[in-house]
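Student: Chains A and B are the protein sequences, given in the same order.
For the first sequence, position 34 (counting from the first letter as 1) is numbered 34 according to the working numbering, and the numbering increases by one without interruption.
Take the position in the second sequence, starting the count at 1, then add 118; the result is the number in the working numbering.
Using N, Cα and C, we set each Cβ at its ideal position, and we do this for glycine too.
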Amino acid sequence: DQQVKQNSPSLSVQEGRISILNCDYTNSMFDYFLWYKKYPAEGPTFLISISSIKDKNEDGRFTVFLNKSAKHLSLHIVPSQPGDSAVYFCAASAGAGGVSFGNEKLTFGTGTRLTIIP
Amino acid sequence: DAGVIQSPRHEVTEMGQEVTLRCKPISGHNSLFWYRQTMMRGLELLIYFNNNVPIDDSGMPEDRFSAKMPNASFSTLKIQPSEPRDSAVYFCASSPGLADTYANTGELFFGEGSRLTVL
Numbered sequence: 001d002q003q004v005k006q007n008s009p010s011l012s013v014q015e016g017r018i019s020i021l022n023c024d025y026t027n028s029m030f031d032y033f034l035w036y037k038k039y040p041a042e043g044p045t046f047l048i049s050i051s052s053i054k055d056k057n058e059d060g061r062f063t064v065f066l067n068k069s070a071k072h073l074s075l076h077i078v079p080s081q082p083g084d085s086a087v088y089f090c091a092a093s094a095g096a097g098g099v100s101f102g103n104e105k106l107t108f109g110t111g112t113r114l115t116i117i118p
Numbered sequence: 119d120a121g122v123i124q125s126p127r128h129e130v131t132e133m134g135q136e137v138t139l140r141c142k143p144i145s146g147h148n149s150l151f152w153y154r155q156t157m158m159r160g161l162e163l164l165i166y167f168n169n170n171v172p173i174d175d176s177g178m179p180e181d182r183f184s185a186k187m188p189n190a191s192f193s194t195l196k197i198q199p200s201e202p203r204d205s206a207v208y209f210c211a212s213s214p215g216l217a218d219t220y221a222n223t224g225e226l227f228f229g230e231g232s233r234l235t236v237l
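Structure follows, in structure tokens:
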């Protein structure tokens, strides 16, 4: 049973335009959400995160939006650059993000392959 | 600073053989995780340790899989006997694992992975 879902396996976006990656979750206990980026033959690297007490977090070109009522989050990249081409994983945890009791178990989605077209 | 180090990077073996994957976490990190990546299921958590103690192994597929963490700087994931369906990329990750502190963001630091092919 996939608790974190990324329904789009791939996405192609023109360079300079906005990329929007979506993620849905089913577990209402999740209170912290992260996005990871993965290049081929490398491990995933942390990109941006958001706590459930917020609905938006911004870091440069990257913004994550959280809609708790819909159990949905999205990652916006603007403007998109060729170096953004990678697989993006959405992840969620319960009890992390400043209120942890040592439980940092992350549940990941299946990933979305983003291709930026020059 | 050295990141998480995994070995081997690639392993090709025949069905029935024993496979051992190794991981050295980032020094000072208290939590260690083993994940498996497949196309169908993405990144699945197999097991994680906190202070060398297994906390949750509910993701370990079956008894053919076992993991150990004999000390803070080393962990192994063993598959015996291996089967073709075990073919995947196995990632080790570590995190500071500081309980009850605001330093814990839940961020994991991943190694480069071990690509396993079982023929």
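1. Would you give the residue range spanned by the beta strand (DSSP E) that Gln3/A belongs to?
2. I'd like the list of long-range same chain contacts for Ala221/B, defined as Cβ closer than 8 Å, with 5 residues on each side in sequence excluded.
3. Give the list of continuous beta strand (DSSP E) stretches no shorter than 3 residues that lie fully inside the stretch 22-83 of chain A.
4. Between Tyr32/A and Ala206/B, what straight-line distance do the alpha-carbon atoms span, to the nearest angstrom?
5. Whose C-beta lies closer than 7 Å to the C-beta of Lys71/A among residues of the same chain, with five residues either side of it excluded?
6. From Pro79/A, Ala86/A, Asn57/A, Ala94/A, pick the residue whose C-alpha is nearest to that of Pro9/A; which is it?
7. Say whether chain B places a C-beta atom closer than 8 Å to the C-beta of Pro177/A.
8. If you measure from the beta carbon of Arg140/B to each beta carbon in chain A, is any gap under 8 Å?
9. Name, please, each residue of chain B whose Cβ falls closer than 9 Å to the Cβ of Lys56/A.
10. Within the continuous beta strand (DSSP E) that includes Ile165/B, where are the two ends?
11. Who are the neighbours of Ser105/A on chain B, taking C-beta pairs under 7 Å?
Tutor: The answer reads as follows:
1. One-based indexing of the first sequence puts residue 3/A at position 3. That residue, Gln3/A, is in no beta strand (DSSP E); it is neither H nor E in DSSP.
2. Position 103 of the second sequence, counted from the start, is the residue given in the question as residue 221/B. Here Ala221/B scores only 46 on pLDDT, less than 50, and its place in the model should not be relied on; the value that follows carries that caveat. Excluding residues up to 5 positions away in sequence, Pro214 lie with their Cβ nearer than 8 Å to the Cβ of Ala221/B in the same chain.
3. Listed in chain order, they are 32-38, 45-51, 56-59, 62-67, 72-77.
4. Counting from 1 along the first sequence, the entry for residue 32/A is found at position 32. Counting from 1 along the second sequence, the entry for residue 206/B is found at position 88. A straight-line Cα-Cα distance of about 27 Å links Tyr32/A and Ala206/B.
5. In the first sequence, counting from the first residue as 1, residue 71/A sits at position 71. Result list for Lys71/A: Asp24, Tyr25, Thr26, in chain order.
6. To locate residue 9/A, count along the first sequence from 1; it is residue 9. Of the listed residues, the one whose Cα sits closest to Pro9/A is Ala86/A.
7. A query on residue 177/A cannot be resolved here, the shown segment of chain A reaching from 1 to 118 and no further.
8. One-based indexing of the second sequence puts residue 140/B at position 22. For Arg140/B, the answer is no, since every Cβ of chain A falls outside 8 Å of its Cβ.
9. By 1-based counting over the first sequence, the position of residue 56/A is 56. Those do not exist, as Lys56/A stays about 17 Å from chain B at its closest Cβ, beyond 9 Å.
10. Here residue 165/B refers to the residue found at position 47 of the second sequence. Per DSSP, Ile165/B belongs to the beta strand (DSSP E) from 160-168.
11. Position 105 of the first sequence, counted from the start, is the residue given in the question as residue 105/A. Sequence check: residue 105/A is Lys here, not Ser. Ordered by position in chain B, the residues that pass the 7 Å Cβ test against Lys105/A are Leu163, Tyr166, Asp174.
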